[in-house]
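Those protein sequences? They're chains A and B, same order as listed. Going by the UniProt record's numbering, the first residue of the first sequence is number 1, and it counts up by one from there. Going by the UniProt record's numbering, the first residue of the second sequence is number 1, and it counts up by one from there.
2 protein chains.
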Amino acid sequence: MKRPTMKDVARAAGVSPMTVSRAVSGEPGVSPGTAARVEQAVRQLGYQRNDNARNLRRKIPGTSTIGLVVDDLANPFYALMARSVEDEAHRRGCLVLVGSTNDEPRREREVIAAFTARQVDGLLLVPTIGGHGFLKQPMEGGTRVVCVDRPAKGLAVDTVTVDNRAGAERAVRHLLAQGHTRIAYLGDRFGIWTQRERHAGYRDALAAHGIPEDPALVRHDLRSRSDAAAALAALRALPGPPTALFTTNDVITMGVMGALGPADRVDVVGFDDFPLADRLSPPLSVVSQDPVALGATAAHLLFSRIDGDRSAPRSVVLLTRLIVRGPGQRGS
Amino acid sequence: MKRPTMKDVARAAGVSPMTVSRAVSGEPGVSPGTAARVEQAVRQLGYQRNDNARNLRRKIPGTSTIGLVVDDLANPFYALMARSVEDEAHRRGCLVLVGSTNDEPRREREVIAAFTARQVDGLLLVPTIGGHGFLKQPMEGGTRVVCVDRPAKGLAVDTVTVDNRAGAERAVRHLLAQGHTRIAYLGDRFGIWTQRERHAGYRDALAAHGIPEDPALVRHDLRSRSDAAAALAALRALPGPPTALFTTNDVITMGVMGALGPADRVDVVGFDDFPLADRLSPPLSVVSQDPVALGATAAHLLFSRIDGDRSAPRSVVLLTRLIVRGPGQRGS
DNA sequence: GTGAAAGCGCTAACAT
DNA sequence: ATGTTAGCGCTTTCAC
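Printed below as a string of structure tokens:
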């Protein structure tokens with residue numbers, strides 16, 4: 001059975017399609033009597049307005065739809081962010097298209113192209129490593145863009161990030177204060193902006209204590225829990241193994257903690273907090289960031305752009321918090 | 001600056017809009033020469049086809065968009081499912097609109113109405129407690145629906161679930177085999193189908209051992225980690241406290257594990273596995289289900305429906321796996 | 001308060 | 001190989 005249209009409703013109610021349009025969209029100029037007859041026909045036929053057709057003709061531009069493009073929707077961090085974005089959108093009567101990029105520039109382009117082809121009003125983007133020049137033309141066409149978690153190189157748009165470098169520096173400073181001098185760095189691909197920042201923070205802290213960075217203790221490119229576990233094993237097999245670890249995201253932290261036992265005496269600080277992180281042994285300290293705040297802030301920025309804000313692009317930096325666990329506990 | 005249309009491209013390339021349409025959509029009947037000129041104009045103007053307008057006119061029906069409606073996108077379980085669905089959709093060149101219901105029937109209706117107004121080809125639905133009669137008319141209009149995780153009462157659609165009852169029964173049987181007789185049940189709202197099933201499995205196991213259900217040991221309506229922690233505290237304050245716990249979802253399990261210490265001697269089995277669950281103490285056994293398989297299976301069913309499969313609705317039941325950890329470890 | 005005509009951006013069907 | 005006409009489902013505009 002085909003979906004009924006306004007014409008069908010009009011016929012059933014004995015009025016013109018235009019009157020149905022007005023009634024269905026709650027516009028003035030429909031007498032209570034006709035409105036009732038229209039509503040009756042609507043219910044009987046199970047009519048629902050086709051918003052795609054509507055948006056095509058409406059003078060008020062926009063589709064009340066935004067696109068959310070993240071690295072990996074399955075990652076709890078982005079999942080929390082996505083939920084927060086969705087809540088803000090829902091509050092505005094806006095829908096959310098989602099896409100994961102896997103950090104592949106090619107998939108990012110495909111997803112974004114499909115989104116803009118659907119005329120999304122805006123894009124909330126966790127940019128991949130690749131360039132983003134291809135966004136220029138959609139933006140001139142009216143698609144608003146806001147970056148979250150990482151900036152997009154060479155793209156003048158609002159950006160919401162956290163103080164990655166300072167957070168990492170504080171984490172490593174904490175380890176140094178515990179007397180550690182051989183602190184390993186376990187990170188994801190160096191191409192990712194957050195990873196470069198966190199690495200810089202690691203170096204900052206070491207430098208402040210006059211400790212040279214030992215390349216043997218620095219591992220990049222850890223893309224999974226098993227990568228991290230393998231890197232840890234390699235580090236511990238070193239002649240001078242590290243006595244403390246700094247892990248730069250939740251996946252790596254989990255990989256490392258999964259490979260450590262209660263008997264292992266290493267101090268670990270990880271970027272990102274997660275449920276039950278406080279119940280592990282050896283104890284795990286974390287640099288905690290707030291994905292919900294990240295998502296909500298970015299969504300607000302995007303919506304104010306969609307609402308017509310044409311001021312210069314802003315950069316919002318949210319703060320991280322060091323949570324020390326185990327002996328030497330401090331709080332913040 | 002306004003978005004260019006086919007007319008603009010046609011003018012720039014010195015051809016008719018129809019030729020642009022053919023060229024842009026890769027249809028035959030365009031000479032290489034004109035195709036090149038069109039492509040040139042497209043690039044210069046930054047033209048992108050408006051797929052909403054396109055879908056309006058196309059004979060091939062459909063928008064290549066599906067709607068995913070889950071309880072809570074931030075829950076790691078649904079996040080994994082969502083990612084899996086998105087991957088399947090991406091493979092088919094299909095986009096995904098997401099919405100969380102919070103298990104509120106009203107929000108579910110709003111989200112679904114907004115999705116169908118956008119002419120989604122299908123709906124992947126984790127139904128709320130409420131009724132779903134309102135789906136009848138969209139379905140007659142051609143919107144395909146598949147339920148995941150839970151069935152929708154009184155709705156004849158494909159459904160993908162796990163063997164909740166058997167999984168719960170096996171979990172509790174394991175605890176009984178360890179010699180426990182006072183096994184507490186900590187569950188979410190009883191209105192949720194999975195919870196009723198899991199509770200039935202709990203009773204099955206007890207009954208098989210001739211143990212009557214002790215109402216004092218059964219707690220429903222635990223909706224957060226703190227609810228679970230509070231319920232646990234109440235249980236332990238009982239004159240005859242439980243010696244083992246069965247927790248019926250990841251949130252409750254985390255709440256309980258967060259409140260227990262290594263010194264606590266209780267056996268715990270939880271429904272749902274999660275990262276590092278194997279590193280906790282006291283040890284945590286789990287009934288593990290596979291959210292990725294759940295999502296992928298449901299997506300496959302939905303797409304075959306969208307592709308025209310009109311056979312009778314199917315019910316697919318995936319299997320859970322008991323993972324025993326700590327002393328008494330077995331494997332499956 | 002209601003309706004007829006035109007057109008949003010695109011494509012099916014029929015020309016040429 | 002290319003163009004013309006009509007119309008998808010809706011809303012704008014302007015009549016009455």
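For glycine and all other residues, C-beta sits at the position ideal for the given N, C-alpha and C.
* To do: If I'm right that A/Pro17 touches A/Ala10 with Cβ under 8 Å, what's the distance once you round it to whole angstroms?
  => 4 Å
* Distance between A/Leu155 and A/His132 (C-alpha atoms, nearest Å) -> 7 Å
* Asked: What is the rounded straight-line gap between the Cα of A/Gly46 and the Cα of A/Val38?
  -> 12 Å
* Residue-chain proximity (B/Thr116, chain A), Cβ-Cβ < 8 Å -> yes
* Considering only the beta carbon of each residue, do A/Phe77 and A/Ala168 sit closer than 8 Å? -> no
* Proximal residues to B/Asn249 (C-beta, below 7 Å), its chain only, five neighbours per side dropped -> Asp188, Phe271, Asp272
* Asked: Should B/Ile256 and B/Thr247 be called a contact, given that it needs their Cβ atoms to be closer than 8 Å?
  -> The sequence given here has Val at residue 256 of chain B, not Ile. Yes; because the gap between Cβ atoms is below 8 Å, this pair is in contact.
* Is B/Ala208 buried or exposed, if buried means 16 or more other CB atoms sit within 10 Å of its CB? -> exposed
* To do: Would you mind telling me which residues of chain A sit closer than 8 Å to B/Ser21, beta carbon to beta carbon, in chain order?
  => Those do not exist, as B/Ser21 stays about 14 Å from chain A at its closest Cβ, beyond 8 Å.
* Asked: At a CB-CB cut-off below 9 Å, which residues of chain A make contact with B/Met1?
  -> Glu140, Gly141, Gly142
* Close Cβ partners of B/Arg43 (< 7 Å) along its chain, the five nearest in sequence each way excluded -> none
* Using a Cβ-Cβ cut-off of less than 8 Å, list which residues of the segment 35-66 of chain A approach chain B; keep chain order. => Gly46, Gln48, Arg49, Asn50, Asp51, Asn52, Ala53, Asn55, Leu56, Thr63, Thr65
* Interface flag, A/Arg11 vs chain B, CB-CB below 8 Å -> no
* Asked: What does a CB cutoff of less than 8 Å around B/Pro327 pick up in its chain, not counting 5 residues either side in sequence?
  -> Pro283
* Can you tell me where the beta strand (DSSP E) with A/Tyr185 in it begins and where it stops? -> 183-186
* Near B/Asp112, which residues of its chain fall below 6 Å by C-beta distance, leaving aside the five closest residues on each side in sequence? -> Note that residue 112 of chain B is Ile in the sequence shown, not Asp. For B/Ile112, where only same-chain residues beyond five positions count, there are no Cβ hits under 6 Å.
* Interface residues of chain A facing B/Arg223 [CB-CB closer than 7 Å] -> None at all; the shortest Cβ gap to chain A is about 16 Å.
* **Touch test, the segment 290-299 of chain A against the segment 307-326 of chain B, Cβ-Cβ under 8 Å, three pairs minimum** => no
* Asked: From A/Gly191 to A/Ala152, what distance separates their C-alpha atoms?
  -> 12 Å
* To do: Please report how far the alpha carbon of B/Arg236 lies from the alpha carbon of B/Leu245, in whole angstroms.
  => 11 Å
* Asked: Would you report the Cα separation of A/Ser84 and B/Val30, rounded to the nearest angstrom?
  -> 47 Å
* Asked: Which of helix, strand or coil does DSSP assign to A/Arg321?
  -> strand
* Three-state class that DSSP yields for residue 333 of chain A in the structure shown -> The shown model of chain A, from 1 to 332, leaves out residue 333 of chain A, and the question about it has no answer.
* Taking C-alpha atoms, which residue in A/Asp204, A/Asp221, A/His220 lies nearest to A/Glu213? -> A/Asp204
* Is there a Cβ from chain A that is less than 8 Å from the Cβ of B/Asp272? -> no
* Roughly how many whole angstroms lie between the Cα atoms of A/Arg196 and A/Phe303? -> 30 Å
* With a cut-off of 8 Å, does the C-beta of B/Ser100 fall near any C-beta of chain A? -> yes
* Runs of alpha helix (DSSP H) wholly within the segment 16-96 of chain B (minimum 4 residues, chain order) -> 17-24, 32-45, 51-57, 76-91
* Quick one, which of B/Asp278, B/Leu123, B/Ser285 has its alpha-carbon nearest B/Arg173's? -> B/Ser285
* To do: Taking all protein chains shown into account, decide if A/Asp51 is buried (16 or more other Cβ within 10 angstroms of its Cβ) or exposed.
  => buried
* Under the three-state DSSP convention, the category B/Ser332 falls into -> At B/Ser332 the pLDDT is 41, less than 50, meaning the model places this residue with poor confidence and gives no usable figure here.
* Compare the Cα-Cα distances from A/His90 to each of B/Val98, B/Ala89, B/Arg91, B/Glu86 and report the closest residue. => B/Val98
* **Buried or exposed by the 16-neighbour rule on C-beta atoms within 10 Å, applied to A/Arg198** => buried
* A/Met254 versus B/Ser100 - alpha carbon distance -> 27 Å
* **Endpoints, the beta strand (DSSP E) within which A/Val286 is located** => 284-288
* To do: Could you pull out every residue in the same chain whose Cβ sits closer than 8 Å to the Cβ of B/Ala12, ignoring the five residues on either side in sequence?
  => Ala41, Gln44, Leu45
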